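Chains as they are written, first to last, in the numbering used here: chain Y, 1 to 266; chain S, 1001 to 1266; chain W, 2001 to 2266. Glycine included, C-beta positions come from ideal geometry on N, C-alpha and C. Quick caveat: nothing in here was measured; it's all calculated off a predicted structure. Reading through the structure tokens given below for one structure.
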Amino acid sequence: MLAKIADVMESVRAKTPLVHCITNYVTINDCANILLCFGASPAMCEAVAEVEEFVPFASALYINIGTFSKEQEEAAIPASLKAAELKVPVVIDPVACGVISRRMQVTKKLLDLAGITIIKGNTGEIKALAGYGAKVRGVDSLEEGEDAVEACVNLAKKYNTVVAATGKTDIVTDGARTCLIYNGTPMLSQITGAGCMVGALAAAAAGSSADGWAAAAAGVAIMGLAGEMAARASGPYPGTFRVKLFDSLYTMTREDIMKGGRIECI
Amino acid sequence: MLAKIADVMESVRAKTPLVHCITNYVTINDCANILLCFGASPAMCEAVAEVEEFVPFASALYINIGTFSKEQEEAAIPASLKAAELKVPVVIDPVACGVISRRMQVTKKLLDLAGITIIKGNTGEIKALAGYGAKVRGVDSLEEGEDAVEACVNLAKKYNTVVAATGKTDIVTDGARTCLIYNGTPMLSQITGAGCMVGALAAAAAGSSADGWAAAAAGVAIMGLAGEMAARASGPYPGTFRVKLFDSLYTMTREDIMKGGRIECI
Amino acid sequence: MLAKIADVMESVRAKTPLVHCITNYVTINDCANILLCFGASPAMCEAVAEVEEFVPFASALYINIGTFSKEQEEAAIPASLKAAELKVPVVIDPVACGVISRRMQVTKKLLDLAGITIIKGNTGEIKALAGYGAKVRGVDSLEEGEDAVEACVNLAKKYNTVVAATGKTDIVTDGARTCLIYNGTPMLSQITGAGCMVGALAAAAAGSSADGWAAAAAGVAIMGLAGEMAARASGPYPGTFRVKLFDSLYTMTREDIMKGGRIECI
């Protein structure tokens, strides 16, 4: 599995996938910069008058509803449909869908419209989407629970998609294959945007590799590993950690993944 | 007073208040990150279809009109009303209200609608709101003047609120109690967002402490002190300063406040 | 020419021009911070109800269409007209105008409306605007070509403006005077926002110097030089590079420009 993750990273660096993002304004800059560090090419394009023309250039489409404006919502629908038509992989990040009804409605509308390649959320969001009770608070997940894997598998089957749920242990499944990822550091929750960046990385990976499950696992594992490397380099300082996170991801080697990756296929 | 400020900081760290932000896109990422550094939980939620459902989860609501879109304006009104109904403290940052008529109108509309806990602006904005002549230039205040304290006290009484005016000397008053805060560094004006972050911190503080005056003073003093610590660690380099500002706020101790705080109650 | 660039920098520091920005949300924070580092005063003001009142305070207007919302488009038109009326210099950054029809339409509408002082794009965008075939991909230019200078000169003449085209070699021309700028580092393309920041710097420069050609060259050259200084200080680490970029621009001296500037007038 680690070799597969490393292959995905090398594929991104070789192919420079163009990732079309419609994403929240809190972390839009972080998403662009992390994509560049990963070897991908970010392009934020979110006007309804622009997206249908732009999706054909994209290797992947990333939709994150963290501060979903009316204009973003209007654009995300034709963008998703065009992506489905052209088989451009789509990654959805259903931020806070477990807390706010409109977020759940928007997410379900996007899931129903088009073939989504990856749903990337925190465990609380994924459980909410899967119809499991989940205790969420704002944008963060408080609880993972024993039924988290089951919820992920069920959701993946329901939408014939890959599900990536981030938490203390991350879960990535396509309904048939499931892995648990133990990489990460508490420092990733001391900055905003770690989850958004995972989604962006997963989109880049899906844009350069055919296996959406491996792509999602790569996005999750590589961010977790970069976080560990950054935490070692920065100590308990979130400002410095953020700087080192970009540095670590940019300089990550195949060997870093082979030695540092902690993934269990179940 | 310094012990009170330190208590507020410890209360935020203990309670992790959820701060619902409707804020400008220039510094939205900075506001989220500084709230995390402070021990609070940021949640940017600014769609009219979302805010009434989300405010009940919030410990405080922060409204900053720096790039106030029509959608943000539409959402800020029901959000404020819901907050008033549920006694969720509201902090308003009336960016550039002294220069642009629409900003003044929007600010007054929000102040008239609902019980605002804290108005946080620079001295020029506060004086403009209080009806005093003020020389402002763009988003920055050029002049403080001897009538600044009077303007703050009058504005606080008019709206039965706390007023925090930032400048070379910061002023925080609830109309009865007034303090002057001397912490800060010129480096804070060499980066964007220091004022916005003060407002966000004040909201977090108000979300975990009943005394809005102490909360506002804590937001102002802690940002000023973190700035001083960051300036000492970085020298005259704004990029590095910004990184160290987050680091300093995250690692600030009770002792840092007791030794470094410079506050005068008048 | 280097002395002229250094003069422009000193003029910005002496006059603190207020740069009114209507710019994309990916790099809006970077643009504000780089303007502060340059000695200018940024003010993001993008509501249609605000701009006509605000432009009279501005030394320059910077319009970047990278994530141009309907509200930004509505505001950019009266802002440009007011700027033309008051002879406030306007800088346009036509992001991705070569790829997306609406971007081209919006750019041409702005160019036709009002007297634009500087058009700042990458070489692909400039060639597309000038009607030359260009191979562009997303927001990045892939190819420069031998006809790049010709395209810049023709575009400058057509709109009676200054054209700055960034690429491996940067080109700045007012139709009569043309210079090539060789400063820069590949690290500038490993972060988002370098191009946007060049446009913001050019606006600040145009806001404090009468010669738009020298102002545009200064924006381009100073960003390239700051990038070189940052790359030397950071090594191949984009997170650290970004921090040092702001530091380098803030501390740049006249001597840095005289020694490090690499400009050829042709």
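(request) Tell whether a beta-carbon distance below 7 Å holds between S:Ala1060 and S:Val1008. (result) no
(request) Would you list the residues sitting across from Y:Asp93 in a DSSP beta bridge? (result) Y:Asn64
(message) Is the beta carbon of Y:Val48 closer than 7 Å to that of Y:Ala75?
(response) yes
(message) Against W:Thr2192, what residues of chain Y qualify as contacts under a CB-to-CB distance less than 7 Å, listed in chain order?
(response) Asn29, Ala32, Asn33, Leu36, Pro42
(message) Could you check whether the region 2147-2159 of chain W touches the region 2191-2200 of chain W, counting it as contact only if at least three pairs of C-beta atoms, one from each stretch, sit closer than 8 Å?
(response) no
(message) For S:Ala1102, tell me which candidate among W:Glu2046, W:Ile2181, W:Cys2265, W:Gln2105 has the shortest Cα-Cα distance.
(response) Reading off the sequence shown, one finds Arg at residue 1102 of chain S, where the question assumed Ala. Among W:Glu2046, W:Ile2181, W:Cys2265, W:Gln2105, the Cα nearest to that of S:Arg1102 is on W:Glu2046.
(message) Tell me the rounded alpha-carbon separation between W:Tyr2237 and S:Ala1096.
(response) 37 Å
(request) Could you pull out every residue in the same chain whose Cβ sits closer than 6 Å to the Cβ of Y:Leu188, ignoring the five residues on either side in sequence? (result) Ala194, Gly227
(request) Go ahead and label S:Gly1219 buried or exposed: buried means 16 or more other beta carbons lie within 10 angstroms of its beta carbon, across all protein chains shown. (result) buried
(message) Checking the sheet assignment: what are the DSSP bridge partners for S:Ser1041?
(response) S:Leu1018
(request) Mind reading off the beta-carbon distance from W:Ile2065 to W:Ala2221? Whole number of angstroms is fine, and I expect it under 8 Å. (result) With a Cβ gap of about 24 Å, W:Ile2065 and W:Ala2221 do not count as contacting.
(request) Could you check which residue in W:Lys2244, W:Leu2110, W:Lys2087, W:Thr2169 has the C-alpha nearest to that of W:Gly2212? (result) W:Lys2087
(request) Say whether chain Y places a C-beta atom closer than 7 Å to the C-beta of S:Ala1060. (result) no
(request) For my contact list, Y:Cys179 and Y:Cys265 are in at a C-beta cut-off of 8 Å; report their separation, rounded to the angstrom. (result) 5 Å
(request) Starting from S:Tyr1351, find everything on chain Y with Cβ-Cβ shorter than 8 Å and list it in chain order. (result) Nothing can be reported for residue 1351 of chain S, as the shown portion of chain S is limited to 1001 through 1266.
(message) Here's a check: name, in chain order, each residue in its chain whose Cβ is nearer than 7 Å to the Cβ of S:Asn1033, leaving out the five neighbours to either side.
(response) Phe1246
(request) If I'm right that Y:Leu201 touches Y:Phe38 with Cβ under 8 Å, what's the distance once you round it to whole angstroms? (result) 6 Å
(request) Could you run through the region 1061-1074 of chain S and flag, in chain order, every residue whose CB is less than 7 Å away from some CB of chain Y? (result) Glu1071
(request) Out of W:Gly2184, W:Val2198, W:Asp2112, point me to the one whose CA is closest to W:Ala2230's CA. (result) W:Gly2184
(message) With a threshold of 7 Å between beta carbons, is W:Leu2142 in contact with chain Y?
(response) Confidence at W:Leu2142 is low in this model, with a pLDDT of 47, below 50, so its placement is unreliable and no value can be given for it.
(request) Measure the CB-CB distance between Y:Pro279 and Y:Glu52 and report whether it falls below 7 Å. (result) Look at the range of chain Y in this structure, 1 to 266, and you will see that residue 279 of chain Y is not part of it.
(request) For chain C, find out if any of its Cβ atoms is closer than 7 Å to the Cβ of S:Arg1102; answer yes or no. (result) The displayed structure is made up of protein chains Y, S and W, and chain C is not among them.
(request) Just mark Y:Glu85 as buried or exposed, buried being the case when its beta carbon has 16 or more other beta carbons within 10 Å. (result) exposed
(message) Taking 8 Å as the cut-off, does the region 161-169 of chain Y touch the region 115-126 of chain Y (at least 3 CB pairs, one atom from each stretch)?
(response) yes
(request) Count the other C-beta atoms from every protein chain shown that fall within 10 angstroms of the C-beta of S:Asn1154, then say buried if there are 16 or more, exposed otherwise. (result) buried
(message) Quick check: is the beta carbon of Y:Val95 nearer than 7 Å to any beta carbon in chain W?
(response) no
(message) Classify Y:Asn160: buried if its beta carbon has 16 or more other beta carbons within 10 angstroms, exposed otherwise.
(response) exposed
(message) If you measure between the beta carbons of Y:Gly199 and Y:Val106, is that distance less than 7 Å?
(response) no
(message) Using the Cβ count rule (16 or more neighbours within 10 Å means buried), how would you classify S:Asp1112?
(response) exposed
(message) Below 8 Å on C-beta distance, what does Y:Asp247 contact in chain W?
(response) Tyr2237, Pro2238, Gly2239, Thr2240
(request) Give the secondary structure of Y:Ile119 by DSSP, where H, G and I count as helix, E and B as strand, and everything else as coil. (result) strand
(message) So with CB distances below 7 Å, who are the chain W contacts of Y:Tyr282?
(response) Here chain Y covers residues 1 to 266 and nothing more, so residue 282 of chain Y does not appear.
(request) Tell me where the beta strand (DSSP E) around S:Leu1113 begins and ends. (result) Per DSSP, S:Leu1113 belongs to no beta strand (DSSP E); it is in the alpha helix (DSSP H), 1101-1113.
(request) State yes or no: is the C-beta of W:Arg2232 nearer than 6 Å to some heavy atom of the ligand GTP? (result) What this structure holds is no ligand at all, so the ligand GTP is not there to describe.
(request) Within its chain, find whatever has a CB closer than 7 Å to the CB of Y:Ala271; leave out the 5 residues flanking it on each side and keep chain order. (result) Shown here, chain Y extends from 1 to 266; a query on residue 271 of chain Y therefore has no answer.
(request) Assign W:Met2258 to one of two classes, buried (16 or more other C-beta atoms within 10 Å of its C-beta) or exposed (fewer than that). (result) exposed
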